Amino acid sequence: MSIIKALNITKTYNSTAVPVHALNGIDLEIEKGEFTAIVGPSGCGKTTLLNILGGLDHPTSGEVSLAGTNITTMQDGKLIDFRLRNIGFVFQAYNLIPVLTTQENVEFIMLLQKRPKKERDERALELLTQMGIADKASQRPSQLSGGQQQRVAVARALASKPQFILADEPTANLDSHSTSALLDIMAKMNKEEGATFVFSTHDQRVIDKARRIITLEDGQIISDETR
Amino acid sequence: MTKLTKNMYFTLAWRNIWRNKRRSYITIASVTFAVMLACTMRSVQLGSYERMIETAARFFTGYIQIHKNGYWEDKTIDNSFSYTEDLIEKVASVEGVLEVVPRIESFALASYDQKTKGTMVLGIDPEKEHKLTEVKDKLVEGEYLEADDQSIMIAKGLADYLRVGIGDSVVLIGQGYHGTNAVGIYPVSGIMKFPVPEQNNSTIYLPLKEAQWLYATGDQLSSLSLVIDKANHVDRIVAGISKDVDLEAYEVMGWKELMPELVQGIEIDNLSSKVMIWILYIVIGFGMFGTFLMMTAERMYEFGVLLSIGMKRIKMQFVIFLEMALMATIGVIAGVMISLPFIIYYHFHPIYFGGEMQAAIEDFGVEAAYYFSMQPSLFYNQAWAIFLMAGILSLYPLIVIHRLKPVKAMREN
Ligand SMILES: Nc1ncnc2c1ncn2[C@@H]1O[C@H](COP(=O)(O)OP(=O)(O)OP(=O)(O)O)[C@@H](O)[C@H]1O
Ligand SMILES: [Mg+2]
Numbered sequence: 001m002s003i004i005k006a007l008n009i010t011k012t013y014n015s016t017a018v019p020v021h022a023l024n025g026i027d028l029e030i031e032k033g034e035f036t037a038i039v040g041p042s043g044c045g046k047t048t049l050l051n052i053l054g055g056l057d058h059p060t061s062g063e064v065s066l067a068g069t070n071i072t073t074m075q076d077g078k079l080i081d082f083r084l085r086n087i088g089f090v091f092q093a094y095n096l097i098p099v100l101t102t103q104e105n106v107e108f109i110m111l112l113q114k115r116p117k118k119e120r121d122e123r124a125l126e127l128l129t130q131m132g133i134a135d136k137a138s139q140r141p142s143q144l145s146g147g148q149q150q151r152v153a154v155a156r157a158l159a160s161k162p163q164f165i166l167a168d169e170p171t172a173n174l175d176s177h178s179t180s181a182l183l184d185i186m187a188k189m190n191k192e193e194g195a196t197f198v199f200s201t202h203d204q205r206v207i208d209k210a211r212r213i214i215t216l217e218d219g220q221i222i223s224d225e226t227r
Numbered sequence: 001m002t003k004l005t006k007n008m009y010f011t012l013a014w015r016n017i018w019r020n021k022r023r024s025y026i027t028i029a030s031v032t033f034a035v036m037l038a039c040t041m042r043s044v045q046l047g048s049y050e051r052m053i054e055t056a057a058r059f060f061t062g063y064i065q066i067h068k069n070g071y072w073e074d075k076t077i078d079n080s081f082s083y084t085e086d087l088i089e090k091v092a093s094v095e096g097v098l099e100v101v102p103r104i105e106s107f108a109l110a111s112y113d114q115k116t117k118g119t120m121v122l123g124i125d126p127e128k129e130h131k132l133t134e135v136k137d138k139l140v141e142g143e144y145l146e147a148d149d150q151s152i153m154i155a156k157g158l159a160d161y162l163r164v165g166i167g168d169s170v171v172l173i174g175q176g177y178h179g180t181n182a183v184g185i186y187p188v189s190g191i192m193k194f195p196v197p198e199q200n201n202s203t204i205y206l207p208l209k210e211a212q213w214l215y216a217t218g219d220q221l222s223s224l225s226l227v228i229d230k231a232n233h234v235d236r237i238v239a240g241i242s243k244d245v246d247l248e249a250y251e252v253m254g255w256k257e258l259m260p261e262l263v264q265g266i267e268i269d270n271l272s273s274k275v276m277i278w279i280l281y282i283v284i285g286f287g288m289f290g291t292f293l294m295m296t297a298e299r300m301y302e303f304g305v306l307l308s309i310g311m312k313r314i315k316m317q318f319v320i321f322l323e324m325a326l327m328a329t330i331g332v333i334a335g336v337m338i339s340l341p342f343i344i345y346y347h348f349h350p351i352y353f354g355g356e357m358q359a360a361i362e363d364f365g366v367e368a369a370y371y372f373s374m375q376p377s378l379f380y381n382q383a384w385a386i387f388l389m390a391g392i393l394s395l396y397p398l399i400v401i402h403r404l405k406p407v408k409a410m411r412e413n
């Protein structure tokens, strides 16, 4: 069974003078364990699509089912809870809570899920070690580099072992070295933990690391290839 | 530093407050300042009321008086009543009554040489009167009256006006019982100084017997004033006496009834002082609101992230509410802590003005002194006011979070 299933998604923004048709009939299925990139030129609808797949925004029409649950009609409070239990998020930047340390940030979702302290500590340390930033456990985000911050964000997203992780241009603000380091870590976690990643990018080096590449243009899928 | 895991909400709130140290310090300091100012202002205000009530009730009318029914409406010497052992006994037997003090009260013109002035004449039992009003302590010159004396004590302001000294004879002219002439000439045996100007400028004391002779009342009295054990027992004692005495013949009144103008004056003054305090709080409130507004606006992106990753709105609202409550609490505690030692000190050492200041203030008919109250309500009322305001102001961020859409919140930064 697909972990993500989108049926005929459209999204029209009416806030502007001329309505913007950001997505025009997207059909998409993503299986558990995939490592998928959504690519395409700026303004093609990548962010819009990821937001809808993550339940952060509602499609104008169409249906989204995540892990067998239709979230399209889900009520706000339930949806927040659904995200907490099933989806990991990594955003372009400023993912972290500035007043919490690295380790606390990684533990945060588990804390919201009320997991026991021992489990949280072990998991956070394990992840930080795998990310190569265990020595930064007690530092605040402002004391980390952009690449390190994104790694903490990935660790936080992974910590509670969600059904899948959505990352919207996670490398957009990183230099090429940090970009490949972050991608390597994501690929490693995909292999070792079987974590499902869906990320958007327009960086060719990032695209090269993906196993499935979905290309959007004007809100439509124009190609979908798996290597 | 607090550990996140113990209480996540508290830790988040606490650390968020100190994200912008300077702003939080200023906000807390403004609350502290307002509370300090309000506590001090209220302390002086309530202190002055307590003092007014004390000088008026405790040192002048007594907390409770008994008269012939109708006397208070029409305070003439004709409305006097007979002194009976039976009545005194009934009154004295009520629990809390320590002393029953008889008085004759009337008016007279006092003349000496070229000067004449309308005065208030009190016929007193010198020993009992002292138990009621501690009047012996007010003596600044001469001798305190004895029951059989045929002389007067005169208040300092009045003595100065008439230019009389000890041994000079003052003529009193008034109207006695049922229209008789009341005329007497009495040497001054003592001069008293009262803090309340009105009293200081118009009072003459005469022994009770002499006053009864002057006003031709026989054994009659205008009032019985009571010395009681505690000021706040007034209502109970009034009720106790009212049960025993004939209310057709007598009226029993507590100080609030005796001095409705005072009570009303205090209420009006108190209201205007409360309005002042609220204006102060509203000004401070705008400052607090500015802080709350910024704390919310600059964190929209963060709120968007938190909502995205699955933090419930109510939890975020709770954190924000805690932040505001914590700042308000710190401000209130600091304000009370700073003002408390001053208020305690000045409660026991009232500030008296001298010289020109004294004269200027007394011109307004009030005592030239600051008394500080220590009523607990004066402190916790400030706390309530601040918390109420913080509560109302925090509605703004709570509503913002309630309406937050994750995508929109994160786009706007
Ligand atoms: N809130 C909005 N209101 C109006 N139009 C919007 C809104 N969000 C996105 N759009 C429009 O929808 C289209 C798709 O935007 P989207 O952000 O999904 O593109 P993107 O592929 O993520 O672009 P980029 O690579 O620049 O991040 C664009 O034309 C954009 O201008
Ligand atoms: Mg985008």
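Going line by line, the protein sequences match chains S and Y.
Here the first sequence stands for residues 1 to 227, numbered as in our numbering.
Here the second sequence stands for residues 1 to 413, numbered as in our numbering.
Where is the CB? At the ideal position from N, CA and C, for every residue including glycine.
Everything numeric in this text was worked out from a predicted model, so none of it was measured.
For TYR205 of chain Y, the enclosing beta strand (DSSP E) starts and ends at 203-207. Within chain Y, the residues whose beta carbon sits less than 8 Å from that of ARG83 of chain S are SER308, ILE309 and GLY310, listed in sequence order.
Three or more Cβ pairs closer than 8 Å define a contact, and the stretch 221-234 of chain Y falls short of that threshold against the stretch 164-184 of chain Y.
Within the stretch 294-368 of chain Y, the runs of alpha helix (DSSP H) that reach at least 4 residues and sit entirely inside it are, in chain order, 300-309, 313-348 and 355-362.
Residues of the stretch 291-305 of chain Y with a C-beta atom less than 8 Å from some C-beta of chain S are TYR301, GLU302 and VAL305, listed in chain order. Runs of the beta strand (DSSP E) lying entirely within the stretch 107-170 of chain S and spanning at least 3 residues, in chain order: 164-168. The three-state secondary structure of SER15 of chain S, taken from DSSP, is coil. Where LYS68 of chain Y is concerned, the enclosing beta strand (DSSP E) starts and stops at 64-68.
The beta carbon of THR102 of chain S sits closer than 6 Å to the beta carbons of LYS136, ALA137, GLN139 and VAL152 from its chain, once the five residues preceding and following it are set aside; these are given in chain order. Pairing TYR371 of chain Y with SER48 of chain Y gives a Cβ-Cβ distance under 8 Å. The closest heavy atom of ligand 2 lies less than 7 Å from the beta carbon of THR47 of chain S. Going by DSSP, VAL206 of chain S is part of the alpha helix (DSSP H) stretching over 204-209. Contact check for GLY62 of chain Y against SER225 of chain Y passes: the beta carbons are separated by less than 8 Å.
In the assembly as shown, VAL283 of chain Y is an exposed residue. Its beta-carbon has fewer than 16 other beta-carbons within 10 Å. Using beta-carbon distances, ILE97 of chain S counts as an interface residue toward chain Y, with a partner under 8 Å. Around ASN16 of chain Y, the beta-carbon contacts reaching into chain S at under 8 Å are VAL99.
In the structure shown, the three-state DSSP call for GLY287 of chain Y is helix. Within chain Y, the residues VAL407 have their CB atoms less than 7 Å from the CB of ASN51 of chain S, given in chain order. Annotated three-state conformation of VAL31 of chain Y is helix, per DSSP. The beta carbon of GLU412 of chain Y sits closer than 8 Å to the beta carbons of MET300 and TYR301 from its chain, once the five residues preceding and following it are set aside; these are given in chain order.
For ARG19 of chain Y, the neighbours in chain S by C-beta distance under 8 Å run, in chain order, PRO98 and VAL99.
Not a single CB atom of chain Y sits nearer than 8 Å to the CB of GLY219 of chain S. GLY310 of chain Y and LEU79 of chain S have their alpha carbons spaced roughly 8 Å apart. Among the residues facing chain S, MET316 of chain Y is not included, as its CB has no counterpart in that chain under 8 Å away. LYS46 of chain S: member of the alpha helix (DSSP H) spanning 46-53, first to last residue. Per the coordinates, the alpha-carbon of ARG163 of chain Y lies some 8 Å from the alpha-carbon of TYR112 of chain Y. Annotation for PHE372 of chain Y: no beta strand (DSSP E) segment contains it, and DSSP assigns it neither H nor E.
Non-local C-beta neighbours of LEU12 of chain Y in its own chain, meaning closer than 6 Å and more than five positions away in sequence, comprise VAL319, ordered along the chain. Residue-level contact by beta carbon fails for MET52 of chain Y and chain S, as no gap is shorter than 8 Å. Nearest C-alpha to GLY146 of chain S among S:ASP81, S:THR47, S:PHE91 and S:ASN24: S:PHE91. Spanning the alpha carbons of LYS115 of chain Y and ASP149 of chain Y requires a straight line of approximately 25 Å. In the displayed model, ASN181 of chain Y falls within a strand according to three-state DSSP. With respect to SER202 of chain Y, THR119 of chain Y sits close: the two C-beta atoms are nearer than 8 Å. Contact of ASP57 of chain S with chain Y by beta-carbon distance below 7 Å involves VAL407. Using beta-carbon distances, ILE71 of chain S does not count as an interface residue toward chain Y, since no partner is under 8 Å. For LEU112 of chain S, the residues of chain Y that pass the 7 Å Cβ criterion are GLY310 and MET311, in the order they occur in the chain.
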